[in-house]
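Residue numbers (our numbering), protein chains in the order written: chain A, 38 to 327; chain B, 29 to 283. A virtual CB, placed ideally from N, CA and C, is assigned to each residue, including glycine. Okay, so here's the structure we're looking at.
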């Protein structure tokens, strides 16, 4: 009998252990909130582009999960996606002029729907619609903006070379675009510092189609966006003469260093130039000590 | 059952057919086997609780090696914080149920086959029938039931140990942030898809298949010592093939 009893106790322990492990897995390693818990109400939204949004993706308000995406369909006959959101009944007070936006968590993360409250006093109802939406941002489009709409144009028409001397070219690389009025017209051919000189000589290869650039134009090193690549922008002057092969720019503007800019912002409040002057004077001193 | 002149295909078909009929016989006998509830409990102890050591140890090491390999590969992409997620999903969906079922076939399936096979070889089953005790209800059904109950529980324990092993390597040894490890895992792992469908459903299906094969092979053993040896081997081979093939079929339906 004791033998049998020990079997029963051992088996009971085994079963309890199994269910304890199940409870542990279900509650500790999964998002229990991901499963359907509690009742929800549905709200429709329409997006021009849902990107990688998936069914059951979270819906968040102020970063807090309030529901999930229930369905994603194409609106018949339109280039529009209808996204049905299932929002927990506990969050009934979403204004009907709120804005739904598709966000990406992190750079590579999943996409989710974020809702920003509007000003309306009327909450959106079951089966209602959030009319204002912002579509998913496509990484390719954003990158396209950063990098200024692509690199240098093709050189089918041949190029001519113009040089410019810059005191500081920042991160300008050979191959970077040369733009006039924002349109790429050529590329940077080489960046060198001539022996004995303190300035960088940048050679630009400009498409021959753009041969009518006034010879008093100025060249500047700009950055596309905040973290984009650098390019050379040509600001046309008023001279009747045009730049030709081998000419050089008289007027150049060096790259703006982000650090310098921030430094300027920080000391912007004070009217005196003492600080920036002192900094400018201090730098060569430091360099000399080293 | 079948004479020796049949070729392999016909013999295999005959085996599968006999196995299917045997399943129906066992299912019909399950209500009667509830009279022998204690026997079922004893079998759960034998096939389940006694397999805990091997299942827990293997789960721990599978989780640890997964954590190590994934950390190594994911560090190429700078994605080591996803280690916990991938360990959990790989174990829940595939390794947990499959490896547990394979271990179960080796540890418990063989002993069931050998035990029933020896009962057959020593005429115990015939003796029971003579004493008006239904051997299907008293011997086969409790062992079958015990396997179906025990395997899901073992698979769950395996999964828990696997996640623990992944945590041990990832967080304790390789220094992934503890909060990242768990929060990424909880964000990606889904109760329904990964635990219910992944672990429970699969391991119940494997439990049915492995227990059926083990009991069937034992029950139909030729009553010789050689026959018992062959039956035991066949249990492991047939179970392994059935588990892996069924895993593919189930996954293609569940995914």
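CB of residue i within 9 Å of CB of residue j, strictly
i                      : j                      : result
residue 94 of chain A  : residue 106 of chain A : yes
residue 166 of chain A : residue 78 of chain A  : no
residue 111 of chain B : residue 192 of chain B : no
residue 260 of chain A : residue 218 of chain A : no
residue 297 of chain A : residue 278 of chain A : no
residue 115 of chain B : residue 91 of chain B  : yes
residue 136 of chain B : residue 234 of chain B : no
residue 149 of chain B : residue 255 of chain B : yes
residue 119 of chain A : residue 108 of chain A : yes
residue 79 of chain B  : residue 123 of chain B : no
residue 162 of chain B : residue 251 of chain B : no
residue 133 of chain B : residue 271 of chain B : yes
residue 185 of chain B : residue 47 of chain A  : no
residue 208 of chain A : residue 142 of chain A : no
residue 117 of chain B : residue 63 of chain A  : no
residue 76 of chain B  : residue 202 of chain B : no
residue 51 of chain A  : residue 173 of chain A : no
residue 343 of chain B : residue 205 of chain B : Coverage of chain B is limited to positions 29 through 283, which leaves residue 343 of chain B absent and any answer about it impossible.
Sequence-distant residues of the same chain with beta carbon closer than 8 Å to residue i, five excluded per side
i                      : result
residue 154 of chain A : 98, 131, 132, 135
residue 47 of chain B  : 240, 241, 244
residue 104 of chain A : 77, 95, 96, 122, 123, 124, 125, 128
residue 278 of chain B : 229, 230, 233
residue 156 of chain A : 132, 134
residue 169 of chain A : 134, 135, 136, 137, 155
residue 225 of chain B : 282
residue 117 of chain A : 83, 84, 85, 111
For residue j and residue i, the rounded distance between their alpha carbons
i                      : j                      : result
residue 57 of chain B  : residue 63 of chain B  : 11 Å
residue 98 of chain B  : residue 190 of chain B : 14 Å
residue 272 of chain A : residue 101 of chain A : 48 Å
residue 159 of chain B : residue 129 of chain B : 35 Å
residue 139 of chain A : residue 276 of chain B : 36 Å
residue 183 of chain B : residue 199 of chain B : 23 Å
residue 65 of chain B  : residue 170 of chain B : 8 Å
residue 275 of chain A : residue 249 of chain A : 11 Å
residue 299 of chain A : residue 150 of chain A : 34 Å
residue 266 of chain B : residue 126 of chain B : 14 Å
residue 274 of chain B : residue 83 of chain B  : 21 Å
residue 232 of chain A : residue 303 of chain A : 37 Å
residue 171 of chain A : residue 87 of chain A  : 9 Å
residue 289 of chain B : residue 58 of chain A  : This structure cannot speak to residue 289 of chain B, because chain B is shown only from 29 to 283.
residue 243 of chain A : residue 202 of chain A : 16 Å
residue 66 of chain A  : residue 120 of chain B : 11 Å
residue 247 of chain B : residue 177 of chain B : 20 Å
residue 284 of chain A : residue 254 of chain A : 11 Å
residue 42 of chain B  : residue 100 of chain B : 48 Å
residue 53 of chain B  : residue 72 of chain B  : 21 Å
residue 140 of chain B : residue 238 of chain B : 11 Å
residue 107 of chain B : residue 147 of chain A : 14 Å
residue 196 of chain B : residue 206 of chain A : 50 Å
residue 392 of chain A : residue 196 of chain A : There is no way to answer for residue 392 of chain A, as the model of chain A reaches only from 38 to 327.
residue 221 of chain B : residue 89 of chain A  : 20 Å
residue 35 of chain B  : residue 45 of chain B  : 15 Å
6 Å Cβ shell around residue i - same chain, five flanking residues per side excluded
i                      : result
residue 216 of chain B : 113
residue 192 of chain A : With a pLDDT of 48 at residue 192 of chain A, under the threshold of 50, the predicted position of this residue should be treated as unreliable, and no value is reported.
residue 257 of chain A : 270, 290
residue 240 of chain A : 198, 200, 226, 227
residue 49 of chain A  : none
residue 60 of chain B  : 165
residue 283 of chain B : none
residue 145 of chain B : 246, 249, 256, 259
residue 286 of chain A : 201, 256
Close Cβ partners of residue i (< 7 Å) along its chain, the five nearest in sequence each way excluded
i                      : result
residue 204 of chain A : 236, 291
residue 147 of chain B : 153, 167
residue 262 of chain B : 245
Contact with chain C by residue i, beta-carbon distance below 9 Å
i                      : result
residue 167 of chain B : Going by chain labels, chain C is absent from the structure shown, which instead holds the protein chains A and B.
Presumed contact (8 Å Cβ cut-off) between residue i and residue j, rounded CB distance
i                      : j                      : result
residue 187 of chain B : residue 87 of chain B  : 7 Å
residue 138 of chain B : residue 264 of chain B : 6 Å
Open item on the list: Please list, in chain order, the residues of the stretch 68-99 of chain B that have any C-beta partner in chain A closer than 8 Å.
Closed with: 69, 70, 72, 73, 76, 77, 80
- [ ] Name, going along the chain, the residues of the stretch 124-140 of chain A whose beta-carbon falls closer than 9 Å to a beta-carbon of chain B.
- [x] none
Task: Interfacial residues, the stretch 190-217 of chain B to chain A, with Cβ spacing under 9 Å - done: 191, 210, 213, 214, 215, 216, 217
Open item on the list: Tell me which residues of the stretch 120-146 of chain B have at least one Cβ-Cβ distance to chain A shorter than 9 Å, keeping chain order.
Closed with: 120
- [ ] Please name the residues in the stretch 94-107 of chain A whose beta-carbon is closer than 8 Å to at least one beta-carbon of chain B, in chain order.
- [x] none
Open item on the list: Counting only Cβ-Cβ distances shorter than 7 Å, please list the residues of the stretch 104-118 of chain B near chain A, keeping chain order.
Closed with: 116
- [ ] Could you run through the stretch 47-58 of chain A and flag, in chain order, every residue whose CB is less than 9 Å away from some CB of chain B?
- [x] 47, 48, 49, 50, 51, 52, 54, 55, 56, 57, 58
Open item on the list: To be precise: take each residue of the stretch 238-258 of chain B, compare its Cβ to all Cβ atoms of chain A, and keep it if any distance is under 7 Å. Which residues remain?
Closed with: none
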